[in-house]
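Chains as they are written, first to last, in the numbering used here: chain A, 267 to 508; chain B, 1401 to 1477.
Glycine included, every Cβ here is placed at the ideal spot set by N, Cα and C.
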C-alpha cells in the first residue's frame, strides 16, 4: 500500500513538470570578494567596489522562459548603483534562442559611446559543459554540477575562465542566467568569475509564455561589437586629451 | 699608454651600451606619456585588468571608474 502511495506521488510530481510549458525564476546576485584585486585598487575605487559588493545583494534578476526562448533581465523596481550593475554585467538583457542556437544581448546606452538600442549583439551558444557527479540542494531542489572553460581573448593574450553551473534535472527547462544554457535542467546557480547568481523564487506555468525577441538595433556579432567598442573608446580618449 | 688605450675602449663600449638603453627607455615612455595623468592611469589600468584575465569590456568598467575618480580628484565635479 505504501509503495503504491509513493508511486502515485512520484507520478503526479513528474506529470506536473512534464505538463509545464513556461516559467519564471528570480535570482539574487553576490560578488565573491577578491582580496588580491582589491589590494591593487586606489582607496576610492576600493570603497566604490565594496559598496557595490553590498548593494548588489538588493538586486533581483528574472529569467522568463518557454520551450525555446528565455529572457534574463533586471526585475523592475530595484535601484542599484550603475557601477555595481556594470561589474556584474547585469546592465544587459540576455535572450537565448534555442532554435537559432544564439544568445542575443542588448547594448546599454553609454554617453558618447553607444546610443539607446543602437546594437543588438549575437553570440553562438557556448556548450562545452563537463558533467560531474557533485550534488547539492538549492531551494530543496537536487542539483548537479557542470562546468565549462571559456576563453577570453583580450589585448594582452588569451585567458581561460571556468563557468560553474548547478542545474536541476527535475525542472526540464534548459536555460539559465546570462544566456548560459543547454544543460539537462534549469540552472539554479551560476558562477561566472566572482559573480554568483542564485535562485530565490521559481514559478512554473502550464501555459506557454510569449517571449518576443528584440527587434530594435543593428544585429552584430560579438567580435564586431568589440571592435566598435574599442574604436569608440579610443576616439573618446583622444577627445579627452584635446 | 696601454692603460689609457684600454680605458678609452672601455669608455666607448660603456657609453655605447648605455646610449642603447636610453633609446629603448625613451621609446617605451613615449608610448605611455600623455597630457593628463588620468589618461596614463587609464592605459595602465586597462593593461593590468586585461592581464588579470578580464575581457576588454570588464577591464573597461574598472579603468573608466578609476578615470572618473582621478578626474574628480584633479578637477573636481
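Taking a beta-carbon distance threshold of 8 Å, residue 1466 of chain B counts as an interface residue toward chain A.
Approximately 6 Å separates the beta-carbon atoms of residue 417 of chain A and residue 424 of chain A; this is inside 8 Å, confirming the contact. Neighbours of residue 417 of chain A in chain B, taken as residues whose beta carbon is under 7 Å from its own, are absent, since the nearest beta carbon is some 10 Å off.
The beta carbons of residue 346 of chain A and residue 321 of chain A sit about 5 Å from each other, so the pair counts as a contact at 8 Å. Here residue 299 of chain A is exposed. Its C-beta has fewer than 16 other C-beta atoms within 10 Å.
Taking C-alpha positions only, residue 475 of chain A is separated from residue 363 of chain A by approximately 14 Å. In this structure, the straight-line span from the alpha carbon of residue 372 of chain A to that of residue 440 of chain A is close to 21 Å. Secondary structure of residue 464 of chain A (DSSP, three-state): strand.
By the criterion of a C-beta distance shorter than 6 Å, residue 294 of chain A is surrounded in its chain by 464 and 466, once the five residues flanking it on both sides are discounted. Spatial neighbours of residue 1446 of chain B in its own chain (CB-CB distance under 6 Å, excluding positions within 5 residues in sequence) are listed in chain order as 1459 and 1463.
Residue 1456 of chain B is positioned such that its CB atom lies no closer than 8 Å to that of residue 459 of chain A.
Close CB contacts of residue 396 of chain A within its chain, under the 7 Å cut and outside five residues either way in sequence, are with 412, 413 and 414 (chain order). Taking a beta-carbon distance threshold of 8 Å, residue 499 of chain A counts as an interface residue toward chain B.
Listed along chain A, the residues sitting closer than 7 Å to residue 1453 of chain B by beta-carbon distance are 418, 425 and 427. Residue 426 of chain A and residue 382 of chain A have their C-alpha atoms roughly 32 Å apart. Note: residue 458 of chain A is bridge-paired with A:429 and A:461 in the DSSP secondary-structure output. Its Cα nearest to that of residue 304 of chain A, the residue B:1466 stands out among B:1474, B:1472, B:1466 and B:1442. Closest option to residue 470 of chain A, judged by alpha-carbon separation, among A:497, A:438 and A:334: A:438.
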